[in-house]
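S.K.: Each protein sequence line maps, in turn, to chains A and B.
Per my numbering, residue 1 is the first one in the first sequence, and the count goes up by one each step.
Per my numbering, residue 139 is the first one in the second sequence, and the count goes up by one each step.
I'd like to ask some things about the structure below.
There are 2 protein chains.
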Amino acid sequence: MENNALGILRQNDLRHTDTRENILNGFLQKSSALSHGDIETYLTDGFDRVTIYRTLKTFLDKGIIHKILDDNGGVKYALCKDQCASGHHHHDHVHFKCSECNETFCLEKFLIPEIILPEGYQRKEINVLVQGTCPKCN
Amino acid sequence: MENNALGILRQNDLRHTDTRENILNGFLQKSSALSHGDIETYLTDGFDRVTIYRTLKTFLDKGIIHKILDDNGGVKYALCKDQCASGHHHHDHVHFKCSECNETFCLEKFLIPEIILPEGYQRKEINVLVQGTCPKCN
DNA sequence: AGATTTTTTGTAATCAAAACGCAAATTTAG
DNA sequence: CTAAATTTGCGTTTTGATTACAAAAAATCT
């Protein structure tokens, strides 16, 4: 995966627009995961809510970003690393949400251990959210 | 934990009302987790949306039910087992959502393995959602 | 049982999040 | 530069969740 907005767009056959470039840069700069609301307030250029929804959906479909479940029933997003192809997400890393600063991080290096399931259950995807306090807030 | 609605209510110092009894019975009968919408359509007596919201909140506060994050950013609920006290939930079991029938189950017997976190991260709560196909849909 | 107090419920109104349709604007290709 | 295709912005609509308040129901006390 490229590490600049334009490269990522080109790599995914997406047209280069201000909104996409800006949102991508937001993800590239911030180390934590962003919600739709975060993006709306983070981007100074004031893009339309609907456009942000659509942009996120597009990125999601292309495998550029992935969903992170929030504990309150919301959703945040973060960049995918190399393994994700269009439509096929592979996320075996742990997500961490700090209950102090409310930021959510991908712990890319920390893989989810093998989880044993009862007979007959077929695993496809897995999502792990650990909550607690992060190094900054400790 | 009692296994009948009235017992559970009494045990938690909650008044006995039709709504509470019905919703509790819903949880006791269904083996899968229920969303607010499920309850709304499942209960034939047609209780008010708002009442259902409040009832769920009450049960949540009392530690009678616990939240299960849904992959689409929604929330479902399921009965707690013994370990939960008022305000203090302890859920170290895996949640499973079948992508065929869309039902979500608590795999009570299948505990979450130890998850290693980077230096400085303090774990408080953890939530694991596995998606795939359940025995019925396999 | 009957009256009083407290809690719970239903209704209506409010608020926010998300989705849709369409016309205008922007990007790419010829 | 023009035309075709995609993307964006706006208005509208739908849906989900919360609040305020009056009515109803449950527990308490004689």
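Backbone N, C-alpha and C fix where the C-beta goes; we use that ideal spot for every residue, glycine too.
Compute the distance between the beta-carbons of L207(B) and L69(A), then report whether it is under 8 angstroms.
M.R.: Contact: yes.
S.K.: Can you pull the chain B neighbours of T41(A), defined as C-beta to C-beta under 9 angstroms?
M.R.: What T41(A) touches in chain B: nothing, since even the nearest Cβ is about 19 angstroms away.
S.K.: Residues in its own chain within less than 7 angstroms of D71(A) by CB, not counting five upstream and five downstream?
M.R.: The residues are K97, L129, Q131.
S.K.: How is C137(A) classed by DSSP in three states: helix, strand or coil?
M.R.: In the structure shown, C137(A) sits in a helix (DSSP, three-state: H, G or I).
S.K.: Relative to the alpha-carbon of T271(B), which residue among I253(B), F243(B), L181(B) has its alpha-carbon at the smallest distance?
M.R.: The candidate whose alpha carbon is nearest that of T271(B) is F243(B).
S.K.: Which residues in chain A sit within 9 angstroms of S169(B), going by Cβ to Cβ distance?
M.R.: The premise fails here: S169(B) is roughly 13 angstroms from chain A at the closest Cβ pair, so nothing lies under 9 angstroms.
S.K.: Please identify the residue among R54(A), F59(A), R15(A), E114(A) whose C-alpha is closest to the C-alpha of F27(A).
M.R.: For F27(A), the nearest C-alpha among the options comes from F59(A).
S.K.: Whole angstroms is fine: what's the gap from R20(A)'s alpha carbon to T55(A)'s?
M.R.: So the two alpha carbons sit approximately 7 angstroms from each other.
S.K.: Tell me the rounded alpha-carbon separation between I264(B) and L245(B).
M.R.: Rounded to whole angstroms, I264(B) to L245(B) spans 15 angstroms at the Cα level.
S.K.: Going along chain B in order, which residues have a C-beta closer than 9 angstroms to the C-beta of D71(A)?
M.R.: Those are K205, L207, E263, N265, listed as they occur along chain B.
S.K.: What is the DSSP secondary structure of N25(A), reduced to helix, strand or coil?
M.R.: Of the three classes helix, strand and coil, the one that applies to N25(A) here is helix, per DSSP.
S.K.: Can you confirm whether F248(B), when its beta carbon is compared against all beta carbons of chain A, has any partner nearer than 8 angstroms?
M.R.: Output row for F248(B): interface = yes.
S.K.: For L9(A) versus N22(A), is the C-beta distance shorter than 8 angstroms?
M.R.: Not a contact, by the Cβ cut-off of 8 angstroms.
S.K.: Nearest to S169(B) by CA position, among N276(B), K262(B), C239(B), L217(B), is which residue?
M.R.: Ranking N276(B), K262(B), C239(B), L217(B) by Cα distance to S169(B) puts L217(B) first.
S.K.: Is the CB of G201(B) under 8 angstroms away from at least one CB in chain A?
M.R.: Chain A contact via Cβ: absent.
S.K.: Distance check for T51(A) and E238(B), CA to CA, integer angstroms please.
M.R.: For E238(B) and T51(A), the distance between alpha carbons rounds to 31 angstroms.
S.K.: Where do the N-terminal and C-terminal ends of the alpha helix (DSSP H) with Y215(B) fall, by residue?
M.R.: No alpha helix (DSSP H) holds Y215(B); the beta strand (DSSP E) holding it covers 213 to 217.
S.K.: Answer with yes or no whether the minimum CB distance from N138(A) to chain B is below 8 angstroms.
M.R.: N138(A) counts as touching chain B.
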